[in-house]
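Worksheet for the structure shown next.
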Amino acid sequence: MSENILEMKDIDKTFFGVHVLDKAQLEVRLGEVHVLLGENGAGKSTLIKILSGAYSREAGQIILEGRELPQLSPKEALEEGISVIYQEFNLVPYMPIYENIFLGKEYGRTILDKKKTIDQARKYMERIGLNEDPKTLVSDLSVAKKQLVEIAKAISNSVKVLVLDEPTASITDTETKMLFEIIRELKEQGIGIIYISHRMSELFEIGDRCTVMRDGKYVGTVQLSETDEDKLTRMMVGKEVCFKKEENKVIDMSEEVLKVEGLCYKELLKDISFNLHKGEILGFAGLVGAGRSEMAKCVIGEYRKDKGKITYKDRELSSSLHKNIEAGIVYLSEDRKDEGLVLIHTVAENIALPNLKKLSSPFLSRKKMAQKAKQYIEELHIKTHSHLSEAKDLSGGNQQKLVIAKWIFSEADIYIFDEPTRGIDVGARDEIYNLMYDLLEKGASIIMISSDLCEIMKMCDRVAVMKDGEIKAILENNEDLTQERILKYALSGGEQYGN
Amino acid sequence: METKKKVNLSEITLYLGVIVIFLAITVACKVVGKDFFTLSNIFNIIAQASITSIIAIGASLVILTGGIELSVGSVVGFAGILGGILIKNGIPVAAACAAILLSGIVFGAFNGILVSYGKVPAFITTLGTMQIARGMALLINAGQPVSGFPQGLSMIMGTRVFGKIPISVFYVAIFYLVVIFMMSYTKFGRHVYSLGGNVNAARLSGVRVKRVEMMVYILCGAFAAIAGIMLLSRLTYADPNAGNGYEMNAIAATVIGGISLSGGRGRIGNSLVGAIILSTLTCGLQIMNVATYYQTIITGLVIIAAVFADKRKERRAE
Amino acid sequence: MKKKKWNKVAAVSMTMLMAVMLSAGCGKSKESSEESTDTVSDSDNSSGKYGDKTIGFVGMTLNNEYHITLANGAKTEAEKQGIKIEVQAGDQHASADQQLTIIENMIANKVDGILLVPSSSDGLEAALIKCKEADIPVINLDTRLTDDALKHVDMNIPFYGTDNYTGAKMAGEYVAGNFDKGVKTAILKGIEGQTNAADRYNGFLEGAGDTVDVAAEQTADWEVDKGYTAAQNIISANPDVELFFCCNDNMGIGALRAIKEANLQDQIQIIGFDAVSEALNLVETGEFTATVAQYPAEMGRLGVQNLLKIFDGEKAEESIDTGTKVILKDNVAEFKEYLEEYSEGTEDVK
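Protein chains in written order, with my numbering: chain V, 1 to 499; chain Z, 1001 to 1318; chain Y, 2001 to 2350.
Rendered as structure tokens:
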């Protein structure tokens, strides 16, 4: 095992009582490209953040070159030779390339040795084939070149393990080819590379071995030359038994409450069309960045759509957010803290915010406000000291219930849930599912964006699968629907690739 | 229940602060052989605080949305000189007051549109308006002050109710009661709080964020204009340089009152307490005949102490 | 948890208490010094009849030398006469509102007479009416209240001060007598709307007549830095300017700096106004051609003396011109001597 440059063993991590990593492990050999694969929320980025020192681990070992590492700070991890290149770069845009490479380890005591710094920077840049003047500002570079600056920076730190997180997500095919050349060279030099990507075709081209993770657990490590896409997909999904969907008794396929035709928004949404029936739960599956949240925000009017027609109850929907909310279309953001709640305000105030009209006659009744808050705290089992506690003091699951409470009170027609159970423990999940069923009973319809395939299978009547801003398929939830099928559309845009 | 206590804690600190300052000044005055705690003096203090506290209503509204308003002092100056010219030219006092109010609303709308729809940072917008309003105040009467007004003007502030209580006490009481009610019991008031608390959540809850923001600046301008009328009547003298630095007094009253500069948190009524603390200090120190230089130092210390307490509270809350 | 909260409450209250204590301390030290002077006056002046009376001195500001000297003049005289005096001023130049607040507080504090250096000539009607209602005599110093204002409040208020107009006219006459006709002149003026500012400006033009050719005039609000910028702009627009008449010395000091930077000291002469000590030094070195001296300490002194007359039931002087003098290189030493004599007197107070 001496060939292993890095070993991570039995890593544990919990967030707010949710086990996000459970005995996770990863082994990277000297000079190999090791692919880390898993669905959204499988624990890949948490594992990487533990490696880079951004998070602390609760249990487990990290062994670098046969030496066990203690808990490291991000700076110490960097000094040990562990570099992570995230999708959002860690570069100072209005500084030149050379300063970015040597930021924090400049030559010269107080006065910078500019010439030496530039010469050294040029050396690193040549090693990875970045043909630019070191004095060019980073903000003037293309995404691909910024990535190369990051790599140069990593090399200058005498990197031993280099992590690339979705490196090809926003660069062109030619640039991808160039990047692969560089990755191969780095491999030759004995650097261990951890490569995170969902693009199946790429994995087989660049990767040597692949470790698959699922629900924070280690599934297995395979030689990529000895496997295929189907096998990998199966490993990602696992044999987890999802609860079968219950029959939806309230659905009325003859009544179309929402119809979206040809919706376009910037580069992010391309010709999105779908419809929603009364009493239906329409799921939206896909990978992060597929454009699902953007679709929702265009529908409610938070983003101004470029093209397309949205019809709600036979009338064209306006592009004004507050009018749509008044008309009964509401969006429950995946980002509860930033878009769902006013954290510094009380539970009661949060529930009241979209419903002030209902609580006023003509002036706001504080008594009614408290009454309603107490009622929803009880009905939704929101765990809080009182209705006067501030929202920020609630746990994630209870915050989510609070968001739902404020919208249940508003008695909307269409609820768009964006990742309604993210970061919420299993018990609370069922409660949220039940609340969704209650809404259907009351005559509402639901769009549910979720990255949890089990959840999609359990709840939705139909599933729209998005990839790169397009709907690749809208699938009926019947016996034929499997997680693998959904994942295939989400990963490669169609079933034809795999089979 | 614990939370309820937490909400009130800052207020306990604040009210305790007022009482401590009051007692300390009373005692200190007694030591030097002066009377501080007399009814007429209390009325004096409130009358002296009245202008700052009226401006502070507007400033608090803006600060609650997470903005800042620097132009109010200049608007006070403009309002005064505009009123002076109109009244001097025979326009009835009531009509002149209406015109002044309108001018405040115009300045407020100008700020509001730029901040909400134009997305210019509030600090920059109101800094600019501060200069514009001051320049216009100097321009409309060629930099000259106006004086020699009819009796009716001084009645606005000079009247004493029941022969004793300055009428400005009632203005302050009425405006504060209306605004406090508005903040707690109307949609608009709650929307103002939500805006400062989390603008994204507010918008996605159907709050018409831009309109609320603009309204807040308009109200702020209107209150500055009302303060301008009060100052004009108090001095029966219109000086284009009047109101200089009042924006800072209003902001000081607001922060002493515990309204968070990051918005969304605090009670408007407490900015009145803040204004009264400031004028109590000035009055008490002047009665004790403390040199002017010390007065400014002490006022500065109190402002910092108040905000320090507020910040400690926030840090503890996180 | 609970205990911590109360600790914090206590901490905050302590801070505030300390601030107040500090202020109380200041008040006390002042009081004790007053007491000690009381005993001094008891020993060398048998009268001590004003022991229970207080004079309120309301200054325009206390952040420039001229006004400090004025206040010191009043303080010294009050010491001498064995009467208490309270000196207060706004922290901003020209704030009628702050002066009104000070007067209200002095009335509440039951002063027996007020010496007023008004921030503007007609901006203090409201304050004067309050004095009248409280039956407190007022003497106007330095900046004359307008007749209009006095008529409005229907009070008879004595005025002791300089006739700014005459002083400026004297400066103008000096220019007329010592410069060639058509000398290119720049004028730096005080705050718009103040009588002083207008008097100095008009008086100078009256005295200088057609000797001066006014090339530029700017308002520089009595301040050094504004005088500096205004002079810079004037010089770059009119490089041929030969004379700066500055309506106070501060603006002149600013102008001097701009002139030095432009290397035009040989070409441009400066005349100031007020004879502050720095200006006197500059006249001595020849960097200022002249400044106009007033006698601010005299105003304070006469104010106290006449207020005491009123207390004694006598009539105060209606109006006193404390005089002005053009200070040139040949008489600057003489004037400095007078001033030093005076400032020794003021140092005793401190």
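Idealized CB from N, CA, C, for every residue including glycine.
If you look at Y437/V, you'll find it in the alpha helix (DSSP H) that goes 426-441. Within 7 angstroms of the CB of V299/V, no CB atom of chain Z is found; the nearest one sits about 13 angstroms away. A2126/Y: member of the alpha helix (DSSP H) spanning 2125-2133, first to last residue. Secondary structure at M295/V: helix, using DSSP grouped into helix, strand and coil.
Straight across, the Cα-Cα distance linking I191/V with I85/V is about 14 angstroms.
In this structure Y107/V touches T117/V by the C-beta definition: roughly 5 angstroms separates them, less than 8 angstroms. Your pair C298/V and L263/V checks out as a contact, with CB atoms roughly 6 angstroms apart and the cut at 8 angstroms. Taking 9 angstroms as the threshold, the shortest C-beta distance from A1222/Z to chain Y does not fall below it. Residues of chain Z whose Cβ lies closer than 8 angstroms to the Cβ of L2116/Y do not exist; the shortest such Cβ separation is about 15 angstroms. Nearest neighbour of K1210/Z by Cα position, chosen from E316/V, I101/V, S320/V, turns out to be S320/V. Using a Cβ-Cβ cut-off of 9 angstroms, N1200/Z does not count as an interface residue toward chain Y, since no Cβ of chain Y sits closer than that to its own. Residue-level contact by beta carbon holds for R1203/Z and chain V, with a gap shorter than 9 angstroms. DSSP places G1300/Z in the helix class (H, G or I) of the three-state scheme. Listed in chain order, the non-local C-beta contacts of Y1294/Z below 8 angstroms within the same chain comprise L1285, local neighbours out to five positions each way being set aside. The beta-carbon of Y1217/Z is placed no less than 9 angstroms from the nearest beta-carbon of chain Y.
Relative to T421/V, the option among L440/V, L439/V, D452/V, K392/V whose CA is nearest is D452/V. Its chain contains I2114, L2116, C2131, I2157 as the residues whose beta carbon lies nearer than 6 angstroms to that of V2138/Y, once the 5 sequence neighbours on both sides are disregarded; these appear in chain order. Judged by their CB atoms, D2199/Y and G2182/Y are not nearer to each other than the 9 angstroms cut-off. DSSP places L164/V inside the beta strand (DSSP E), whose first and last residues are 161-165. The C-alpha of I1277/Z is placed about 31 angstroms away from the C-alpha of S2121/Y. Contact between I377/V and F417/V is absent: CB atoms are separated by about 20 angstroms, not below the 8 angstroms threshold. For T2166/Y, same chain residues with a beta-carbon under 8 angstroms away, outside a window of 5 residues either side, are G2203, D2321, T2324 in chain order.
Runs of beta strand (DSSP E) with 3 or more residues, each lying fully within the region 1228-1268 of chain Z, are absent. For a Cβ distance threshold of 7 angstroms, residue set K1034, I1287 of chain Z lies close to N2109/Y, ordered along the chain. DSSP places T2185/Y in the uninterrupted beta strand (DSSP E) bounded by 2183-2189. Closest option to S139/V, judged by alpha-carbon separation, among I194/V, E99/V, S365/V: E99/V.
In the structure shown, the three-state DSSP call for A1202/Z is helix. For K305/V, the closest Cβ of chain Z is not nearer than 9 angstroms. One alpha carbon belongs to G1148/Z, the other to K2260/Y, and they sit about 45 angstroms apart. At a C-beta separation below 8 angstroms, E302/V has these neighbours in chain Z: R1203, L1204. With contacts defined by Cβ atoms closer than 9 angstroms, L137/V and I151/V do not form a contacting pair. In the structure shown, the three-state DSSP call for S2095/Y is coil. Look at M213/V here: in three-state DSSP terms it is strand. When the beta-carbon positions are compared, G1090/Z and V1146/Z stay at least 9 angstroms from each other. At a cut-off of 9 angstroms between beta-carbon atoms, K357/V makes contact with chain Z. Uninterrupted beta strand (DSSP E) stretches at least 3 residues long and entirely within the region 1044-1098 of chain Z do not occur.
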